[in-house]
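J.:
2 protein chains.
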Amino acid sequence: MNGPFVTIDGNEAAARIAHACSEIVAIYPITPASPMGELADGWSQAGRVNLWGDVPEVIEMQSEGGAAGALHGALQAGALGSTFTASQGLLLMIPNLYKIAGELTPTVIHVAARSIATHALSIFGDHSDVMACRQTGAALLASGSVQEAQDLALIAHAATLRTRVPFLHFFDGFRTSHEVAKIAVVDEATIGEMIDDDLVAAHRDRGLNPNRPVLRGTAQNPDVFFQAREACNPFHDAVPAAVQGEMDRFAELTGRQYRLFDYWGAPDAEHVVILMGSGVGTTREAVEAEVAAGAKVGVLAVRLYRPFSAAALVSALPESVRRIAVLDRTKEPGSVGEPLYTDVVAALAEHLGADAPEVVGGRFGLSSKEYTPAMALAVLDNLATPAPRNHFTVGIVDDVGLTSLEVDPDRWHEPDDVVRAVFYGLGSDGTVGANKNSVKIIGDLTDRYAQGYFVYDSKKSGSTTVSHLRTAPAPIESAYLVEEASFVACHQFGFLDRVDVLAVAGHRATFLLNSPYGPEEVWDRLPRQVQQQIIDKGLDLRVIDAAAVARDAGLGGRVNTVLQTCFFLLAGVLEPEAAIAAIKRAIEASYAKRGQVVLQRNFAAVDAAVANVHRVEVPNEASSAIELREPVPAEAPDFVQRVTSLMLAGHGDRLPVSALPVDGTFPTGTARWEKRAIATEIPVWDPDICIDCGRCALICPHAAIRMKVFDAASAVGAPAGFKYKDWKSDGDASEVMTIQVAPDDCTGCGVCVSICPAKSKEDVSHKSIDMMPVGDHVDEERRNWDFFSALPEADR
Amino acid sequence: MNGPFVTIDGNEAAARIAHACSEIVAIYPITPASPMGELADGWSQAGRVNLWGDVPEVIEMQSEGGAAGALHGALQAGALGSTFTASQGLLLMIPNLYKIAGELTPTVIHVAARSIATHALSIFGDHSDVMACRQTGAALLASGSVQEAQDLALIAHAATLRTRVPFLHFFDGFRTSHEVAKIAVVDEATIGEMIDDDLVAAHRDRGLNPNRPVLRGTAQNPDVFFQAREACNPFHDAVPAAVQGEMDRFAELTGRQYRLFDYWGAPDAEHVVILMGSGVGTTREAVEAEVAAGAKVGVLAVRLYRPFSAAALVSALPESVRRIAVLDRTKEPGSVGEPLYTDVVAALAEHLGADAPEVVGGRFGLSSKEYTPAMALAVLDNLATPAPRNHFTVGIVDDVGLTSLEVDPDRWHEPDDVVRAVFYGLGSDGTVGANKNSVKIIGDLTDRYAQGYFVYDSKKSGSTTVSHLRTAPAPIESAYLVEEASFVACHQFGFLDRVDVLAVAGHRATFLLNSPYGPEEVWDRLPRQVQQQIIDKGLDLRVIDAAAVARDAGLGGRVNTVLQTCFFLLAGVLEPEAAIAAIKRAIEASYAKRGQVVLQRNFAAVDAAVANVHRVEVPNEASSAIELREPVPAEAPDFVQRVTSLMLAGHGDRLPVSALPVDGTFPTGTARWEKRAIATEIPVWDPDICIDCGRCALICPHAAIRMKVFDAASAVGAPAGFKYKDWKSDGDASEVMTIQVAPDDCTGCGVCVSICPAKSKEDVSHKSIDMMPVGDHVDEERRNWDFFSALPEADR
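Taken in sequence, the protein lines are chains A and B.
Under our numbering, the first sequence has 585 at position 584, and the numbering climbs by one with no breaks.
Under our numbering, the second sequence has 388 at position 387, and the numbering climbs by one with no breaks.
1. Would you call B:GLN532 buried or exposed, if buried means 16 or more other Cβ atoms sit within 10 Å of its Cβ?
2. Is there a Cβ from chain A that is less than 9 Å from the Cβ of B:TYR342?
3. Is B:LEU276 closer than 9 Å to B:LEU341 when the C-beta atoms are compared?
4. Would you report the Cα separation of B:VAL644 and B:ASP458, rounded to the nearest angstrom?
5. Using a cut-off of 7 Å between C-beta atoms, extract the partners of B:PHE236 located in chain A.
6. Under 8 Å by Cβ, that's how I've got B:THR466 and B:VAL433 pegged, so tell me the actual separation to the nearest angstrom.
7. Using a Cβ-Cβ distance cut-off of 9 Å, determine whether B:ASP654 contacts chain A.
8. Mind pulling the chain B residues with CB within less than 8 Å of A:SER116?
9. How many Å lie between A:ALA329 and A:GLY138 at the Cα?
10. Compare the Cα-Cα distances from A:ARG390 to each of A:ALA377, A:LEU406 and A:ALA375 and report the closest residue.
11. Taking CB distances under 9 Å as the criterion, tell me whether A:VAL1 reaches chain B.
12. Per DSSP, which one or two residues make a beta bridge with B:LEU52?
13. Could you confirm whether any beta carbon from chain B is found closer than 9 Å to the beta carbon of A:SER755?
14. Quick check for students: name the residue ranges of the alpha helix (DSSP H) that lie wholly in the segment 431–517 of chain B, counting only runs of 4 or more.
15. State yes or no: is the beta carbon of B:VAL166 nearer than 9 Å to at least one beta carbon in chain A?
16. Sort A:GLY363, A:ALA385, A:VAL360 and A:GLY396 by Cα distance to A:MET376 and report the nearest one.
17. Check this for me: beta carbons of A:VAL663 and A:VAL742, under 9 Å apart or not?
18. Would you decide whether A:LYS183 is buried or exposed? Buried here means 16 or more other CB atoms lie within 10 Å of its CB.
19. Please check the pair B:GLY431 and B:ARG559, which I expect to be a contact at CB under 8 Å, by giving their CB distance rounded to whole angstroms.
20. Name the chain B residues that come within less than 9 Å of A:THR177, Cβ to Cβ?
21. Could you check the C-alpha separation between A:SER316 and A:ALA114 for me, to the nearest Å?
22. Examine the Cβ distances between the segment 236–249 of chain A and the segment 148–163 of chain B and report whether three or more of them are shorter than 8 Å.
23. Would you decide whether B:ILE477 is buried or exposed? Buried here means 16 or more other CB atoms lie within 10 Å of its CB.
24. Quick check: is the beta carbon of A:PHE6 nearer than 9 Å to any beta carbon in chain B?
25. Please identify, using Cβ separations under 8 Å, the residues of the segment 367–378 of chain B that lie next to chain A, in order along the chain.
26. At the level of alpha carbons, what is the spacing between B:ALA388 and A:ASP197?
27. In angstroms, rounded to a whole number, what distance separates the CA positions of A:ILE692 and A:GLU631?
28. Quick one: Cα of A:ILE700 to Cα of A:CYS694, how far?
29. Quick check: the Cα distance between B:CYS750 and B:CYS757, rounded to an integer number of angstroms?
30. Do A:LEU571 and A:VAL505 come within 9 Å of each other at the CB atom, strictly closer than that value?
31. Can you name the start and end residues of the beta strand (DSSP E) that A:GLY74 belongs to?
32. Buried or exposed: B:ASN1, going by 16 or more other Cβ atoms within 10 Å of its Cβ?
33. Can you give me the C-alpha to C-alpha distance between B:ARG526 and B:GLY539, rounded to a whole angstrom?
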């Protein structure tokens with residue numbers, strides 16, 4: 002692949018093309034497409050110009066219906082327009098889409114494809130939204146990677162002008178939209194070459210204009226509607242060849258050749274998988290490994306899904322194909338089969354009749370469900386059975402309809418030349434940002450390719466984040482989470498007893514642990530199961546007290562430079578010296594404008610990190626008395642034990658179909674069983690200066706501070722440190738009051754402290770409610786809370 | 002078929018069931034579904050109760066999006082709900098439809114299926130709207146006639162409760178929604194039997210209720226969404242058997258048996274047509290005629306389109322089938338094929354593999370384009386060719402893509418036992434209302450079946466209406482316009498020189514002409530071409546001066562009773578005496594409450610009509626000097642000559658694909674070439690009392706009155722009757738003023754008269770602008786207008 006290269010995500014890759022090719026961008030935000038609109042808006046705010054030297058007007062409407070209407074209007078006026086959307090947002094555009102297509106109006110809507118809400122909403126990726134538009138007359142062009150999100154975005158903008166058919170250019174929400182990857186960038190000149198000015202002029206000339214009036218948007222009656230509806234046929238018929246033409250022109254300009262249907266695999270393949278989107282690269286990995294082992298298999302990527310060229314499909318398939326598995330990343334209950342499957346069956350039946358290969362269809366990857374090479378192998382294995390299963394699922398366990406293919410995770414191992422790193426952090430702790438930065442450093446400052454993908458849970462701030470980084474000498478097609486990581490980093494020591502951070506670690510991987518305990522002391526602080534994993538996998542355990550190093554370097558609590566240095570030092574991406582040099586260059590680029598002091602502190606942190614990361618001698622036996630915490634207590638109800646607890650522990654993928662409600666109806670009151678214990682500091686109450694105002698309990702956004710008035714007699718049997726004070730009331734003098742904190746529900750946000758009006762006279766910085774680090778006293782606080790919970794309130 | 006019978010349209014048939022089975026009906030009007038909402042609203046206003054003795058709450062929202070949201074909310078609260086919609090209205094419900102289906106919530110949305118706006122809007126019928134919902138998870142149940150619109154509506158309400166899957170029950174907009182037909186009515190007891198109270202109770206128990214809280218409408222992440230999405234499978238899988246179960250129960254209760262796929266034709270058929278909706282009955286007529294002639298053909302009606310039971314499809318088809326034509330009433334540009342076609346191909350490929358019959362697909366009936374038995378025969382003929390055409394169209398001439406099948410209209414003649422009547426009237430002249438009444442009279446007061454269908458043009462008031470009536474001893478399945486009418490009535494004499502009213506007349510048909518000219522005089526008043534048609538077809542020409550008869554009977558201008566009587570007397574529906582008795586009974590039912598005087602006047606009109614309708618002796622030769630008027634003048638531009646003129650003349654159906662713009666873009670300013678000449682009275686100006694205020698020209702909503710000031714010298718050469726008067730101005734004393742009327746643009750609305758302030762002193766009822774009947778002076782007015790148009794305005 003030829004450079005120059007940039008390291009960006011799929012949204013930015015597509016949005017940059019759209020911004021360059023548009024005069025009007027009508028937007029309305031929806032996850033995961035929002036960044037496209039935000040970027041376009043930001044670029045226009047900053048004065049970035051389009052191909053014609055003008056700053057595109059970016060207008061935010063009040064819904065996607067409005068965005069589609071504004072776009073339609075702008076196009077009718079002869080402007081070049083585009084928009085970005087997903088999921089329900091795209092559904093609201095459907096009425097306009099029929100009109101825009103029916104009026105043969107060029108535009109591109111870039112879609113970060115996302116599930117449509119059914120039994121539950123989901124912000125994650127699959128093709129159910131674009132599939133709901135396949136009947137509108139718009140062309141559908143699928144990208145499967147960040148590189149393609151850029152390249153096919155441009156091909157879409159070129160082809161829509163050529164054909165007058167509007168394009169939906171889509172790529173998988175999150176998996177592609179939010180993957181950060183190093184891609185060969187299309188320069189402005191190439192964009193300009195692809196956009197034919199004569200076609201732009203022709204579009205303008207068709208715009209509604211009082212100087213050359215035409216009538217559009219009329220009502221037609223049964224006498225002529227049908228004929229008029231057929232009059233557009235030549236335009237749709239011409240799209241496949243036109244798109245291939247633009248692909249060929251693009252290849253001449255950039256060296257990257259795309260086809261309507263791209264095939265990889267054995268030229269004499271008998272079994273072929275057909276799919277589109279980010280699953281293509283993953284399937285390619287599996288197919289290429291199988292072909293290398295002598296198997297006659299292949300994979301066909303659908304790029305232009307509408308208009309669907311049956312002839313191009315047939316000619317892209319090897320003649321030797323006997324069986325085909327079509328994978329759909331959508332579900333249409335009650336259909337004969339999912340859409341790509343039925344389309345392939347019909348296309349082959351038309352062109353090959355009784356000689357058509359046998360076709361089976363399956364669903365995969367709904368709502369960003371993982372799709373791995375091992376699953377692709379399961380799909381190929383199914384084709385090799387005497388009677389392949391049809392209407393299967395892959396990636397889940399369906400113990401109800403028995404649709405799921407069995408997947409053997411041991412069938413696949415990631416290639417050795419790929420460095421695979423996984424980082425566990427806390428939402429807002431900077432881990433994700435640092436890792437995005439690391440990907441950029443590798444991408445921008447080395448010859449290697451790099452990929453970053455980031456898994457958040459929906460609780461956002463304060464929840465676990467898992468960063469998946471790959472870097473390799475060749476472009477990375479793996480659109481799935483890292484497996485068998487060669488480097489695992491846990492940035493939060495507190496995760497160890499409740500998150501299975503080492504499940505992803507490969508044999509002999511490096512495990513970097515941010516630990517307040519030094520190399521001598523840390524082993525005994527690990528839960529027994531973690532010790533066992535380290536021993537069993539032969540991990541190279543390294544510890545650093547990143548907080549201490551950062552503090553000593555004058556960086557306060559900002560540990561990212563320290564941990565990032567450790568990653569570069571230990572992960573084997575670069576030689577240590579080169580790694581240190583690269584990270585310092587990156588620091589210079591980031592912080593130079595903040596002045597020499599900041600720069601020097603960061604450099605010092607790098608050097609201190611190198612000096613302070615220590616190897617831990619790993620004993621032969623797991624000896625710890627510390628056990629993993631159960632995700633929910635034993636007294637939780639059955640549903641919480643069976644279902645919620647697995648989701649909380651990050652093992653929701655293991656839940657079979659039977660575990661989930663059929664209609665999205667869940668029991669209530671289950672959140673109380675989730676004890677996140679994410680606070681690093683929790684409030685501690687000083688009854689001596691408390692003025693009984695109760696504001697702390699009132700304001701706590703997590704309901705983790707409670708106040709209770711009770712009879713002093715009830716305090717008999719209280720834990721040793723259980724605090725309470727006299728209650729000034731008109732009532733019984735025997736009443737006392739306590740304020741207690743639920744240490745596992747508190748997030749450490751500190752709002753209680755900020756509102757507490759009771760200050761110590763001696764030290765006004767000390768309040769009645771004040772934060773203290775969660776240390777060993779947490780168990781004491783738990784005991785206090787349990788006692789408090791059971792305490793009967795005073796009768797009044 | 003067992004009675005009792007009612008004579009209603011498809012909208013009423015469906016709405017009645019929905020109202021009886023609902024507690025909440027959330028509505029928003031859209032053609033052609035609006036009457037369902039209006040009826041439900043009216044019934045609830047009038048206190049009509051549902052099955053449980055409650056008056057359903059009908060709430061009109063601010064869009065279909067709101068209606069769907071209100072419905073969704075009501076259902077979640079455990080209420081029984083439904084709504085009515087079509088076209089873009091249904092598109093706005095898509096997001097909620099995914100949710101309602103995903104949450105397994107029973108409801109029925111009744112859809113008067115209508116085209117979606119593309120290159121142009123259309124209010125007419127096809128399946129593009131329901132097809133845009135086929136991926137949502139809702140069940141789709143298709144009715145093909147008014148009878149079915151009632152019966153399957155009930156089956157849908159029963160089945161949705163049984164299955165928890167929401168239903169879209171749809172029927173063809175206008176063709177079924179607005180067809181008035183005699184149907185066997187389902188009584189309240191049967192409705193009650195079909196709705197299982199236990200299932201209703203179960204639905205209520207699932208409703209959100211604070212007393213037994215559950216959580217619904219959550220967000221799910223990649224860990225569990227896919228599994229949860231598959232958890233609904235058993236519910237969708239169970240739908241086909243459940244629907245068949247409800248159909249069987251319905252058959253036990255009513256004797257009318259429906260199946261998921263209903264087959265008619267030869268048991269050893271080799272060629273079969275598959276379709277759904279109102280085209281089924283029409284195809285049946287063609288198929289049954291062919292089978293009677295020994296052909297091995299059949300037709301399969303799809304009733305339950307989603308969930309699509311491939312097994313039921315295969316078992317409904319004769320094993321002998323070798324070739325299938327699937328007809329889709331929708332168009333999806335860029336698809337492999339239209340949806341029913343691809344579904345059938347995939348279903349057969351799965352079940353029969355290489356033994357699957359050959360399948361071709363075609364489009365028909367878009368936007369209520371006529372679909373006739375002759376077209377069905379063309380589809381069967383195509384199957385009989387060595388290489389049947391695929392992706393064809395039928396019902397149009399596609400001279401661009403050459404997709405269209407050739408249709409031989411002579412291949413089909415309507416059966417002799419069907420009385421077929423066609424009536425030409427003017428919008429708002431009462432013709433349509435009278436014909437609806439005639440259908441009801443036949444349906445309610447005789448043993449015969451009857452059907453009425455009404456074609457309006459979009460100009461509504463003041464435009465041509467064509468009423469198509471059939472009556473026969475057996476139920477009528479013909480869902481197409483009357484061909485070879487046995488009775489043609491022209492209620493407006495003025496139509497004869499511009500509307501081809503006799504094109505539809507069959508050989509030896511009766512032609513009733515409402516004529517101001519008596520039987521002796523009328524012949525010479527007919528255009529030559531009309532005379533020739535009467536002679537060539539051997540028509541039985543009858544005339545009546547309905548206006549005179551009505552006036553004499555004291556009915557003022559209301560001619561309906563008179564013309565209706567002539568129809569009953571002449572059309573051969575009943576024996577004359579029985580017909581007169583029937584119409585009098587109907588009058589009694591309609592007018593009894595208006596008192597004896599009104600009743601007697603109507604009775605008198607009936608008797609006078611019988612006495613005053615006269616047979617006209619038809620000469621052997623067409624001798625008239627009157628020629629048909631050209632629809633547009635010779636100086637109109639090319640597009641107007643080639644395209645607009647055919648549409649104006651009612652021959653838009655003849656326009657080939659090449660005549661229509663590819664993207665809905667029309668030239669402007671073409672309305673000026675349409676000279677409707679519909680006024681029966683036009684304003685005439687009296688300059689002697691005119692006060693020059695100009696209000697008449699200002700107010701005219703059709704811009705048909707103009708005022709002009711010009712030099713008196715310019716009046717040289719004016720037509721004899723061209724009037725003008727002195728112009729009181731400060732300027733040149735030689736200036737004069739005229740007010741002229743464009744007689745062919747005037748609609749005779751009389752607004753000009755109402756605003757004219759200039760009254761004659763002698764007779765204050767005489768104004769300067771006053772209406773006069775359009776008589777022979779119209780040619781004089783035309784000459785005046787032409788002179789006026791060319792007259793140069795005074796230079797000022």
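Backbone N, C-alpha and C fix where the C-beta goes; we use that ideal spot for every residue, glycine too.
On a predicted model such as this, the values are computed, not experimentally measured, just so you know.
T.: Checking against the coordinates, here is how it stands:
1. Numbered from its first residue, the second sequence carries residue 532 of chain B at position 531. By the 10 Å Cβ count, B:GLN532 comes out buried.
2. Residue 342 of chain B sits at position 341 when you count from the first residue of the second sequence. Yes, because at least one Cβ of chain A sits closer than 9 Å to the Cβ of B:TYR342.
3. Looking up residue 341 of chain B in the second sequence gives position 340. Looking up residue 276 of chain B in the second sequence gives position 275. Cβ distance < 9 Å, so B:LEU341 and B:LEU276 count as in contact.
4. Position 643 of the second sequence holds residue 644 of chain B. Position 457 of the second sequence holds residue 458 of chain B. Computed Cα separation, rounded: 17 Å.
5. Here the question's residue 236 of chain B lines up with position 235 in the second sequence. Those are VAL663, listed as they occur along chain A.
6. The residue labelled residue 466 of chain B in the question sits at position 465 within the second sequence. The residue labelled residue 433 of chain B in the question sits at position 432 within the second sequence. Yes, they are in contact, since the Cβ atoms of B:THR466 and B:VAL433 sit about 5 Å apart, within 8 Å.
7. The residue you call residue 654 of chain B lines up with position 653 of the second sequence. Contacts with chain A at 9 Å (Cβ-Cβ) include B:ASP654.
8. Position 115 of the first sequence, counted from the first residue, corresponds to residue 116 of chain A. Under a criterion of Cβ atoms nearer than 8 Å, the residues of chain B adjacent to A:SER116 are, in order, PHE226.
9. The residue labelled residue 329 of chain A in the question sits at position 328 within the first sequence. The residue labelled residue 138 of chain A in the question sits at position 137 within the first sequence. Reading off the sequence, residue 329 of chain A comes out as Asp, not Ala. The alpha-carbon of A:ASP329 is positioned some 20 Å away from that of A:GLY138.
10. The residue given as residue 390 of chain A occupies position 389 in the first sequence. Answer by Cα proximity: A:LEU406.
11. For residue 1 of chain A there is no data in the structure shown, the boundaries of chain A being 2 and 797.
12. The residue given as residue 52 of chain B occupies position 51 in the second sequence. Residue pairing from DSSP leaves B:LEU52 without any beta-bridge partner.
13. Taking the first sequence and counting its residues from 1, the one referred to as residue 755 of chain A is at position 754. For A:SER755, the answer is no, since every Cβ of chain B falls outside 9 Å of its Cβ.
14. DSSP runs (the alpha helix (DSSP H)) wholly in the segment 431–517 of chain B: 432–446.
15. Sequence index remark: in the second sequence, residue 166 of chain B carries index 165 (1-based). It does: the Cβ of B:VAL166 has a partner Cβ on chain A nearer than 9 Å.
16. Position 375 of the first sequence, counting from 1, holds the residue named residue 376 of chain A. Looking at A:GLY363, A:ALA385, A:VAL360 and A:GLY396, the one whose alpha-carbon comes closest to that of A:MET376 is A:GLY396.
17. Stepping through the first sequence from its first residue, residue 663 of chain A is reached at position 662. Stepping through the first sequence from its first residue, residue 742 of chain A is reached at position 741. Not in contact: A:VAL663 and A:VAL742 (Cβ atoms no closer than 9 Å).
18. Your numbering for residue 183 of chain A matches position 182 in the first sequence. Answer is buried; the Cβ neighbour count reaches 16.
19. Within the second sequence, the letter at position 430 stands for residue 431 of chain B. Within the second sequence, the letter at position 558 stands for residue 559 of chain B. Separation of the CB atoms of B:GLY431 and B:ARG559 is rounded to 7 Å, and the pair is thereby assigned contact status at 8 Å.
20. Indexing the first sequence from 1 puts residue 177 of chain A at position 176. Below the 9 Å Cβ cutoff, chain B contributes no neighbours of A:THR177, its closest Cβ being approximately 14 Å away.
21. Position 315 of the first sequence, counted from the start, is the residue given in the question as residue 316 of chain A. Position 113 of the first sequence, counted from the start, is the residue given in the question as residue 114 of chain A. Looking at the two C-alpha atoms, the distance is approximately 28 Å.
22. Short answer: they don't touch.
23. The count along the second sequence starts at 1 and reaches residue 477 of chain B at position 476. Buried, because 16 or more other Cβ atoms sit within 10 Å of the Cβ of B:ILE477.
24. Walking along the first sequence from the start, residue 6 of chain A turns up at place 5. For A:PHE6, the answer is no, since every Cβ of chain B falls outside 9 Å of its Cβ.
25. Those residues of the segment 367–378 of chain B that come within reach of chain A (Cβ to Cβ, closer than 8 Å) are LEU367, SER368, SER369, LYS370 and GLU371.
26. Your numbering for residue 388 of chain B matches position 387 in the second sequence. Your numbering for residue 197 of chain A matches position 196 in the first sequence. A straight line joining the alpha-carbon of B:ALA388 with that of A:ASP197 spans about 42 Å.
27. Sequence index remark: in the first sequence, residue 692 of chain A carries index 691 (1-based). Sequence index remark: in the first sequence, residue 631 of chain A carries index 630 (1-based). Roughly 38 Å separates the two Cα atoms.
28. Here the question's residue 700 of chain A lines up with position 699 in the first sequence. Here the question's residue 694 of chain A lines up with position 693 in the first sequence. So the two alpha carbons sit approximately 11 Å from each other.
29. Counting from 1 along the second sequence, the entry for residue 750 of chain B is found at position 749. Counting from 1 along the second sequence, the entry for residue 757 of chain B is found at position 756. About 14 Å.
30. For the purposes of this step, residue 505 of chain A is taken as the residue at position 504 of the first sequence. For the purposes of this step, residue 571 of chain A is taken as the residue at position 570 of the first sequence. Going by C-beta atoms, A:VAL505 is not nearer than 9 Å to A:LEU571.
31. By one-based count along the first sequence, residue 74 of chain A stands at place 73. Run containing A:GLY74: none in the beta strand (DSSP E); it sits in the alpha helix (DSSP H), 65–77.
32. With chain B running from 2 to 797 in the structure shown, residue 1 of chain B is simply not present.
33. In the second sequence, residue 526 of chain B corresponds to position 525, counting from 1. In the second sequence, residue 539 of chain B corresponds to position 538, counting from 1. Approximately 19 Å, taken between the alpha carbons.
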